[in-house]
Amino acid sequence: MRSDRILRSLIGSANRHRVFAFLFTSLISSAALAQSPGDPALGERLYRTGLGADGRPVTAITQGDVRIAGNQLTCVSCHRPSGMGTSEGGTYVPPITANHLFAAREANRALRNERFKEMYKEVQTERFYQDVRKARLRPAYTPETLVRALREGLDPAGRALNPAMPRYELSDADAANIVAYLATLSKGDDPGVEPDTVHFATIVSDGIDAARADAFVKTIDAYAEWFNRDVRDDLARPGFSPYYRDEFIDSYREWRVHVWRLAGPPEGWREQLERYYAEQPVFAVLSGLVAGDFTPVADFCDAKHVPCLFPVTELPRTAHAEGGYTLYFSRGLELEADALAAWLSAQKASPAHVTVIHSADAYGRRPATRLAAALAARRPGLAIEAHEVSDAAAMRTAIADAAGRDDDTLVIWPGHLAAAATGALAESPPAAWRVLLPSTALDAARALPATVRDKVLVTYPYDKPERIRPDAYRARAWVRSRRLPIVKWDDQREAYFALRMTDWAMAHLLSDYHRDYLIEIIEHEVENSLDPGPQPQMALGPGQRFGSKGAFIMRLDPDAPSGLVAVSDWIVP
């Protein structure tokens with residue numbers, strides 16, 4: 220009776236039944252949540268897509284009165300796949316991993332590390348810095364208080380969350396599912412991480428010149444040795460703290476790089492990678508030098524959720540690449556095909572008939588197929604005549620046949636037959652007034668006689684060779700100071716970029732060794748790198764996987780310092 224009188228005095232009899240109904244409903248919901256363990260797989264779907272257990276989007280209210288569907292503003296869009304959060308429109312988005320949610324937020328090193336990373340990533344708004352500086356100390360979430368936060372926007376201490384955080388109208392099943400998933404999200408270190416070591420791999424396939432592969436691997440090994448020496452020096456002197464490094468000493472790990480060598484055709488690579496991984500899981504794959512279609516490697520990395528960071532390949536997996544675990548420099552030969560189609564279509568004297576000769580391997584077939592599709596989309600009705608050749612003799616015959624015709628444009632994707640193609644062009648100068656080759660044939664094309672060279676253009680998905688980047692000289696000095704062989708500089712420069720980018724991103728992980736988080740940091744910061752390798756600019760957004768998006772069309776000019784002169788602007792098809 221005393222509690223009844225208190226209720227009457229506080230809220231009046233008219234609201235009493237409403238309060239009891241609310242309390243009863245809350246108790247029922249809590250009981251239902253306690254009885255249902257939830258399905259983490261359905262919770263992950265809700266987190267990533269906004270779809271409830273019934274397959275329909277959940278609904279929510281944001282900013283106090285804006286009704287949205289769950290698939291319009293998903294959890295993953297702000298809190299990211301790792302659950303580590305980000306900044307969105309000047310708003311601080313906190314981490315919601317299992318370790319963060321289900322532990323009390325106290326004024327300790329973990330909270331300091333979390334906020335330290337956000338304070339010094341980039342210039343932010345004053346509102347952001349004010350938000351980050353708020354301690355928000357609270358008890359640990361329980362399943363019940365977490366559901367209340369999702370539905371009502373209140374933390375365990377009863378404080379309101381940011382109004383930008385949607386208040387979701389969740390069924391009990393959806394509530395149980397999302398709680399079950401969040402209890403697993405980025406919980407503990409990912410595979411490949413040990414108390415004092417992080418394991419990495421680099422991948423080298425058959426079909427790569429031995430000296431080239433050796434120089435590539437030595438570059439990666441030298442960087443790991445250099446990194447580890449600094450780690451050991453800091454660990455040996457924990458009291459010596461320039462830049463406060465010993466404040467983060469618990470996050471220090473040495474790198475151990477394993478070289479995974481792939482033998483035989485690409486069809487057998489997946490099995491070999493599985494064996495390597497079973498022997499020693501790795502946290503990430505550093506670069507890689509692969510001859511042939513990269514698809515089996517990308518499929519493996521997606522299946523294991525292993526980041527594969529900037530491999531050297533002209534044949535990346537372009538299908539279903541977005542949101543995957545492989546980050547590429549560019550789309551390789553497919554990008555060159557798209558850029559060529561855009562350039563040809565934009566010419567005042569655009570082609571009336573295009574002859575395409577391509578090798579039967581993936582280096583010829585894939586860009587030829589891509590070019591035909593891109594030209595058909597841009598120039599419906601354009602006559603395209605394609606010839607596939609399987610060996611050097613067939614390549615020479617096809618070029619000799621094309622040389623006698625009066626087609627205006629000849630495109631050759633020679634694949635492994637570049638020497639045969641350029642030799643045939645020298646023997647049978649074509650009547651076509653422009654002959655186009657990919658960047659993979661550039662070395663062979665430089666030897667062409669002047670009678671043919673003046674007609675030849677090359678697609679070039681790199682920066683202009685004459686552009687000077689000071690950090691590129693530092694990269695070369697770093698390689699030379701370690702007496703490393705330089706066989707193909709672009710390979711080593713791209714590997715060096717991948718290593719520096721990984722080094723920088725790993726430093727920002729601190730003790731949060733989550734693979735998704737590593738990718739998210741690289742997505743966020745890759746465009747700020749001092750040296751983007753041979754590319755003019757690298758940029759990635761959430762889920763994007765191709766850093767460089769364009770190409771030049773170059774002509775051969777032996778009088779130019781690099782032997783190349785651009786005849787186009789940077790083409791982003």
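Basically our numbering = 1-based index in the sequence shown + 219.
Built from N, CA and C at the ideal position, the CB exists for glycine as well.
Note that the coordinates shown come from a computational prediction; the quantities given were computed from them, not determined experimentally.
Subject >> Segment contact, 8 Å Cβ cut-off, at least three pairs: the stretch 490-507 with the stretch 409-423 >> reply: yes
Subject >> Neighbourhood of residue 437 by C-beta distance below 8 Å, restricted to the same chain and skipping five residues each side >> reply: Taking the sequence shown and counting its residues from 1, the one referred to as residue 437 is at position 218. The residues are 703 and 704.
Subject >> Run of the beta strand (DSSP E) containing residue 603, from where it starts to where it stops >> reply: On the sequence shown, position 384 is the one that residue 603 refers to. Run containing residue 603: 602-608, per the beta strand (DSSP E) assignment.
Subject >> Pair within 9 Å by beta-carbon distance, residue 575 and residue 488 >> reply: In the sequence shown, residue 575 corresponds to position 356, counting from 1. In the sequence shown, residue 488 corresponds to position 269, counting from 1. It is not a contact, given that the beta carbons lie outside the stated cut-off.
Original post:
Among residues of its own chain, excluding the 5 on either side of residue 549, which ones have a beta-carbon nearer than 6 Å to its beta-carbon?
Top reply: Walking along the sequence shown from the start, residue 549 turns up at place 330. Here the set comprises 680, 765 and 767.
**OP:** Could you pull out every residue in the same chain whose Cβ sits closer than 6 Å to the Cβ of residue 784, ignoring the five residues on either side in sequence?
**Re:** For the purposes of this step, residue 784 is taken as residue 565 along the sequence shown, with counting starting at 1. Closer than 6 Å at the Cβ level, and outside the excluded window around residue 784, lie 774 and 776.
**OP:** State the DSSP-derived secondary structure class of residue 295, mapped to helix, strand or coil.
**Re:** Locating residue 295 in the sequence shown gives position 76, counting from the first residue. Helix, per DSSP.
Original post:
Do the stretch 473-481 and the stretch 739-751 meet, that is, are 3 or more Cβ pairs less than 8 Å apart?
Top reply: no
Subject >> Own chain residues within Cβ distance below 7 Å of residue 440, not counting five before or after >> reply: Working through the sequence shown from its first residue, we reach residue 440 at position 221. The answer, listed in chain order, is 476.
Original post:
What's the gap between the Cα of residue 345 and the Cα of residue 430?
Top reply: The sequence position of residue 345 within the sequence shown is 126, counting from 1. The sequence position of residue 430 within the sequence shown is 211, counting from 1. One C-alpha to the other measures close to 53 Å.
**OP:** For my contact list, residue 403 and residue 259 are in at a C-beta cut-off of 8 Å; report their separation, rounded to the angstrom.
**Re:** The residue labelled residue 403 in the question sits at position 184 within the sequence shown. The residue labelled residue 259 in the question sits at position 40 within the sequence shown. Residue 403 to residue 259, Cβ: 6 Å. Contact.
Original post:
Do residue 357 and residue 324 come within 9 Å of each other at the CB atom, strictly closer than that value?
Top reply: Residue numbering aside, residue 324 sits at position 105 when the sequence shown is read from its first letter. Residue numbering aside, residue 357 sits at position 138 when the sequence shown is read from its first letter. Yes; because the gap between Cβ atoms is below 9 Å, this pair is in contact.
Subject >> Cβ separation of residue 629 and residue 585, assumed to be a contact under 8 Å, to the nearest whole Å >> reply: Taking the first residue of the sequence shown as 1, we reach residue 629 at position 410. Taking the first residue of the sequence shown as 1, we reach residue 585 at position 366. With a Cβ gap of about 19 Å, residue 629 and residue 585 do not count as contacting.
Original post:
Are the beta-carbon atoms of residue 593 and residue 568 separated by less than 9 Å?
Top reply: Locating residue 593 in the sequence shown gives position 374, where the first residue counts as 1. Locating residue 568 in the sequence shown gives position 349, where the first residue counts as 1. No, Cβ-Cβ distance for residue 593 and residue 568 is not below 9 Å.
Original post:
If you draw a straight line from the C-alpha of residue 698 to the C-alpha of residue 514, how long is it?
Top reply: Taking the sequence shown and counting its residues from 1, one reaches residue 698 at position 479. Taking the sequence shown and counting its residues from 1, one reaches residue 514 at position 295. Rounded to whole angstroms, residue 698 to residue 514 spans 30 Å at the Cα level.
Original post:
When DSSP labels each residue in this structure, what does residue 773 get in the three-state scheme?
Top reply: Your numbering for residue 773 matches position 554 in the sequence shown. It is a strand residue.
Subject >> Supposed contact pair residue 650 and residue 625 - C-beta distance, whole angstroms, cut 8 Å >> reply: Here residue 625 corresponds to residue number 406 of the sequence shown, with the count starting at 1. Here residue 650 corresponds to residue number 431 of the sequence shown, with the count starting at 1. Between residue 650 and residue 625 the Cβ distance is about 5 Å, and since that is below 8 Å, they are a contact.
Original post:
What number of angstroms, rounded off, separates the C-alpha of residue 398 from the C-alpha of residue 721?
Top reply: As a first step, residue 398 is located in the sequence shown; it is residue number 179 there, counting from the start. As a first step, residue 721 is located in the sequence shown; it is residue number 502 there, counting from the start. Going by the C-alpha atoms only, they are around 32 Å apart.
**OP:** Indicate the three-state DSSP secondary structure (helix, strand or coil) for residue 621 in the structure shown.
**Re:** For this step, residue 621 is matched to residue 402 along the sequence shown. Of the three classes helix, strand and coil, the one that applies to residue 621 here is helix, per DSSP.
**OP:** Measuring only between beta-carbons, confirm whether residue 390 sits less than 9 Å from chain B.
**Re:** Reference to chain B is not applicable here, since this structure consists of a single protein chain.
Original post:
Are the beta-carbon atoms belonging to residue 502 and residue 409 less than 9 Å from one another?
Top reply: As a position in the sequence shown, residue 502 is number 283, starting the count at 1. As a position in the sequence shown, residue 409 is number 190, starting the count at 1. Yes; because the gap between Cβ atoms is below 9 Å, this pair is in contact.
Original post:
What did DSSP end up calling residue 305 once you bin it into helix, strand or coil?
Top reply: Within the sequence shown, numbered from 1, the residue matching residue 305 stands at position 86. Residue 305 falls in the strand class under three-state DSSP.
**OP:** Could you have a look at residue 784 and say whether DSSP puts it in helix, strand or coil?
**Re:** As a working note, residue 784 is residue 565 in the sequence shown. Residue state, collapsed to three classes: strand.
**OP:** May I ask you to report which of helix, strand or coil DSSP gives residue 276?
**Re:** By 1-based counting over the sequence shown, the position of residue 276 is 57. In this structure, residue 276 counts as strand in the three-state DSSP scheme.
Original post:
What are the partner residues of residue 574, as DSSP defines its beta bridges?
Top reply: Taking the first residue of the sequence shown as position 1, residue 574 is located at position 355. Note: residue 574 sits in a beta bridge opposite 604 and 629.
Original post:
Can you tell which of 597, 660 and 780 has the C-alpha that lies nearest to the C-alpha of residue 687?
Top reply: As a first step, residue 687 is located in the sequence shown; it is residue number 468 there, counting from the start. Taking only the C-alpha atoms, the option nearest residue 687 is 780.
**OP:** Return the residue from the list 379, 635 and 771 that minimises the CA-CA distance to residue 281.
**Re:** One-based indexing of the sequence shown puts residue 281 at position 62. Of the listed residues, the one whose Cα sits closest to residue 281 is 379.
**OP:** Report the rounded CA-to-CA distance for residue 759 versus residue 294, giving the unit in angstroms.
**Re:** Within the sequence shown, residue 759 is the residue found at index 540, counting from 1. Within the sequence shown, residue 294 is the residue found at index 75, counting from 1. Cα to Cα, residue 759 sits roughly 20 Å from residue 294.
Original post:
How many angstroms separate the CA atom of residue 298 from the CA atom of residue 729?
Top reply: The count along the sequence shown starts at 1 and reaches residue 298 at position 79. The count along the sequence shown starts at 1 and reaches residue 729 at position 510. Approximately 18 Å between the Cα atoms of the pair.
Original post:
In terms of residues, what are the limits of the beta strand (DSSP E) holding residue 564?
Top reply: By one-based count along the sequence shown, residue 564 stands at place 345. First-last for residue 564: 552-565, but that is the alpha helix (DSSP H), not the beta strand (DSSP E).
Subject >> According to DSSP, residues forming a beta bridge with residue 311 >> reply: Numbered from 1 along the sequence shown, position 92 holds the residue referred to as residue 311. Paired residue(s): 306.
Subject >> Three-state secondary structure (DSSP) of residue 545 >> reply: Working through the sequence shown from its first residue, we reach residue 545 at position 326. In the structure shown, residue 545 sits in a strand (DSSP, three-state: E or B).
Original post:
Looking only at its own chain, which residues have a Cβ that is under 6 Å from the Cβ of residue 735, when we skip the five neighbours before and after it?
Top reply: Indexing the sequence shown from 1 puts residue 735 at position 516. 300 and 301, listed in sequence order.
**OP:** Go ahead and pull the three-state DSSP assignment for residue 413.
**Re:** Your numbering for residue 413 matches position 194 in the sequence shown. Residue state, collapsed to three classes: coil.
Original post:
In three-state DSSP terms, what is residue 364?
Top reply: Counting from 1 along the sequence shown, the entry for residue 364 is found at position 145. Correct three-state label for residue 364: helix.
Original post:
So is residue 231 buried or exposed if we call it buried at 16+ other beta carbons inside 10 Å?
Top reply: Counting from 1 along the sequence shown, the entry for residue 231 is found at position 12. Unreliable placement is indicated for residue 231, whose pLDDT of 41 sits below 50; the coordinate value is still reported in the next sentence. Its Cβ having fewer than 16 others within 10 Å, residue 231 is exposed.
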